[in-house]
Amino acid sequence: MRNKVEKWGKVVEYSITNEASWMVVTDGSHSWVYITRRDFGDNALNGIIKETGVRPDFVKKKEMRDLLTHFGVDTEVIQRLFKKDESTKVDV
Numbered sequence: 179m180r181n182k183v184e185k186w187g188k189v190v191e192y193s194i195t196n197e198a199s200w201m202v203v204t205d206g207s208h209s210w211v212y213i214t215r216r217d218f219g220d221n222a223l224n225g226i227i228k229e230t231g232v233r234p235d236f237v238k239k240k241e242m243r244d245l246l247t248h249f250g251v252d253t254e255v256i257q258r259l260f261k262k263d264e265s266t267k268v269d270v
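Numbering (this note's numbering), first residue to last: 179 to 270.
Given below as structure tokens:
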């Protein structure tokens with residue numbers, strides 16, 4: 179799921195899934211790309227990396243949470259970073 183917010187003259191696009199999360203901050207001609215893990219099947223992320231020509235910075239989930247909070251993303255959305263996949267079962 180791809181979302182966009184604008185704050186302080188910057189455009190922030192982000193996506194949070196169980197597999198990987200990413201965020202792109204654009205300020206005029208400058209862009210920064212942050213990812214928790216590279217999902218090579220994510221066409222939106224691949225297109226952004228190709229378009230901006232920026233090498234993504236890998237961050238931990240807590241660092242991604244801090245970045246999303248800084249740019250005013252809703253708490254409910256941020257909590258999806260830490261949501262466990264309930265379809266995964268462990269037999270003991």
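Cβ coordinates follow ideal geometry from the N, Cα and C atoms, glycine included.
Since we're looking at a predicted model, the values are computed, not measured.
May I ask which residues mark the beginning and end of the beta strand (DSSP E) holding V189? K188 to I194
Which word fits T204, buried or exposed, when buried means at least 16 other C-beta atoms lie within 10 angstroms of its C-beta? Here T204 is buried. Its C-beta has 16 or more other C-beta atoms within 10 Å.
Use the C-beta contact count for T247: other C-beta atoms within 10 angstroms, 16 or more gives buried, fewer gives exposed. exposed
For my contact list, W200 and S209 are in at a C-beta cut-off of 8 Å; report their separation, rounded to the angstrom. Actually they are not in contact, since the Cβ atoms of W200 and S209 sit about 12 Å apart, beyond 8 Å.
Option nearest Y212 by Cα separation, candidates T253, I227 and Q257: I227
What span of residues does the alpha helix (DSSP H) with R243 cover, start to end? K239 to H248
Exposed unless 16 or more other CB atoms sit within 10 angstroms - verdict on T214: buried
Just to confirm the assignment, what range does the beta strand (DSSP E) spanning K228 have? Taken as a continuous stretch (DSSP letters only), K228 belongs to no beta strand (DSSP E), being part of the alpha helix (DSSP H) at N221 to T230.
Taking the C-alpha atoms as reference points, what is the distance between S207 and L259? 29 Å
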